[in-house]
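Since the structure comes first, as structure tokens, the remarks are kept for the end.
In the UniProt record's numbering, the protein residues as written are 1 to 361.
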């Protein structure tokens, strides 16, 4: 309570932090607040922030906690078989966890200098360069442990590291796009967006990519249409685990290949990702992480045909969005989709009727 007799969130937080620091109200706010703030300000998904909060309070359902609650009879770590499985052990001291931290290059020295769990978490979460990667890695270590114990799925360390790095990059890309969107929203106006047919002698290729979290399973889809809106060919692909940008690029490349194989030589490629458009329009040589896909795209451009590449809003790309989502339910690889597919037909009819959706631009 403040001196004026009123309760405020800030003072309540301080009282709670002081009480938790030693459990009896006699601790200092400074001993706990840094870690509280590190978790609260951690710039990642809320589901992981909640997990980090549980780990900080040693409330993960480890074997030590399960034994304490009499759910199991032993508390040994199932991964290393060498020590009791506490929150600190599974995320920090287990040899399986140490291998991941070492490979990621995250505060390797803190594994041995005797920091307690809260200080170790605070130091790594507050790191401006690797804080996001640390939180994602800790969560994936816990997920691997659960898959190991409850589903008997033993994930290789290298595979785990690739997933950690891939999802961290995806989060960073999303955050970058969100900042750009926030800046643009300050001067946006409303407009109506609908699918627009190509010129009579041309066909349009709409493509899209999709990534499902938390396993980063990706898919792509697209279709070829003429000036009447008739579907000339469609596809959906299950791409396995990859980033959203790779999925978008794969969708565009596969859409162009489909149009070429169908015999069309005047193609209007439309994508709803500005990142993808930027990579495809890069004059080269493009040396980024998607270099191989950029080379495939350049090879397609130099075939004997006319290609126009344009950006469209997602509201005008609904049929391709449907096909990309459909790819998640299919087996790994490329699949031709029958134009008579009921779900696809719905969006073809939607577009042919010229239905528009409002968007701030």
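In this text, a Cβ means the ideal position worked out from N, Cα and C, and glycines have one as well. Here the structure is a predicted model, which is why all the values come from computation and not from measurement.
Taking the straight line between their C-alpha atoms, what separation do you get for residue i and residue j?
| i | j | result |
| --- | --- | --- |
| residue 341 | residue 200 | 25 Å |
| residue 266 | residue 305 | 6 Å |
| residue 232 | residue 196 | 16 Å |
| residue 348 | residue 270 | 16 Å |
| residue 234 | residue 142 | 40 Å |
| residue 297 | residue 280 | 7 Å |
| residue 59 | residue 328 | 34 Å |
| residue 41 | residue 132 | 11 Å |
| residue 137 | residue 356 | 42 Å |
| residue 366 | residue 140 | Nothing can be reported for residue 366, as the shown portion of the chain is limited to 1 through 361. |
| residue 293 | residue 249 | 7 Å |
| residue 207 | residue 313 | 12 Å |
| residue 276 | residue 198 | 21 Å |
| residue 278 | residue 244 | 14 Å |
| residue 204 | residue 242 | 26 Å |
| residue 128 | residue 228 | 52 Å |
| residue 176 | residue 169 | 11 Å |
| residue 359 | residue 333 | 34 Å |
| residue 104 | residue 172 | 17 Å |
| residue 225 | residue 284 | 30 Å |
| residue 353 | residue 101 | 55 Å |
| residue 260 | residue 300 | 9 Å |
| residue 309 | residue 282 | 12 Å |
| residue 158 | residue 99 | 10 Å |
| residue 66 | residue 117 | 20 Å |
| residue 246 | residue 273 | 11 Å |
| residue 264 | residue 150 | 52 Å |
| residue 106 | residue 130 | 7 Å |
| residue 421 | residue 119 | Examination of residue 421 is not possible in this model, given that the chain is present from 1 through 361 alone. |
Excluding sequence positions up to five away, which residues of its chain have a Cβ less than 7 Å from the Cβ of residue i?
| i | result |
| --- | --- |
| residue 79 | 94, 96, 145, 148 |
| residue 135 | 42, 44, 48, 52, 125 |
| residue 24 | Any reading at residue 24 needs caution, since the residue's pLDDT is 44, under 50, leaving its predicted position unreliable; the model's value is listed next. If we look at residue 24 and ignore the five residues flanking it on each side, it has no Cβ neighbours. |
| residue 193 | 313, 315, 316, 356, 357, 359 |
Return the chain-ordered list of same chain residues with a C-beta closer than 8 Å to the C-beta of residue i, the five sequence neighbours on each side being excluded.
| i | result |
| --- | --- |
| residue 39 | 49, 52, 53, 56, 121, 125 |
| residue 364 | Summary: the structure shown does not reach residue 364, with the chain confined to residues 1 through 361, and so no result is reported for it. |
| residue 251 | 207, 208, 209, 220, 221, 222, 237, 271, 320, 324 |
| residue 90 | 60, 62, 77, 79, 97, 141, 142, 145 |
| residue 152 | none |
| residue 331 | 238 |
According to DSSP, simplified to helix, strand and coil, what is residue i?
| i | result |
| --- | --- |
| residue 94 | coil |
| residue 353 | coil |
| residue 174 | helix |
| residue 333 | strand |
| residue 191 | strand |
| residue 226 | coil |
| residue 137 | helix |
| residue 259 | helix |
| residue 287 | coil |
| residue 64 | helix |
| residue 235 | strand |
If we count the other Cβ atoms within 10 Å of its Cβ and call it buried at 16 or more, is residue i buried or exposed?
| i | result |
| --- | --- |
| residue 72 | exposed |
| residue 88 | buried |
| residue 344 | buried |
| residue 338 | exposed |
| residue 361 | exposed |
| residue 295 | exposed |
| residue 316 | buried |
| residue 190 | exposed |
| residue 262 | exposed |
| residue 82 | exposed |
| residue 174 | exposed |
| residue 230 | exposed |
| residue 92 | buried |
Taking 6 Å as the limit between beta carbons, can you name the residues of its chain near residue i, skipping five residues before and five after?
| i | result |
| --- | --- |
| residue 336 | 235 |
| residue 86 | 62, 64 |
| residue 84 | 64, 75 |
| residue 37 | none |
| residue 202 | 266, 268 |
| residue 70 | none |
Should residue i be flagged as near chain C, meaning a C-beta pair shorter than 8 Å?
| i | result |
| --- | --- |
| residue 285 | In summary, chain C is missing from the structure at hand, where a single protein chain is found. |
For the stretch 237–248 against the stretch 208–227, do three or more pairs of beta-carbon atoms, one drawn from each stretch, fall closer than 8 Å, so that the two count as touching? Flag = yes, the stretch 237–248 and the stretch 208–227 touch.
Check whether the stretch 160–179 and the stretch 316–329 are in contact - that is, three or more C-beta pairs closer than 8 Å. Flag = no, the stretch 160–179 and the stretch 316–329 do not touch.
Could you check whether the stretch 254–274 touches the stretch 282–294, counting it as contact only if at least three pairs of C-beta atoms, one from each stretch, sit closer than 8 Å? Judged by pairs of C-beta atoms under 8 Å, the stretch 254–274 does not touch the stretch 282–294, as fewer than three such pairs exist.
Three Cβ pairs or more, each shorter than 8 Å: is that satisfied between the stretch 208–215 and the stretch 294–309? Because the criterion of three Cβ pairs below 8 Å is not met, the stretch 208–215 and the stretch 294–309 do not touch.
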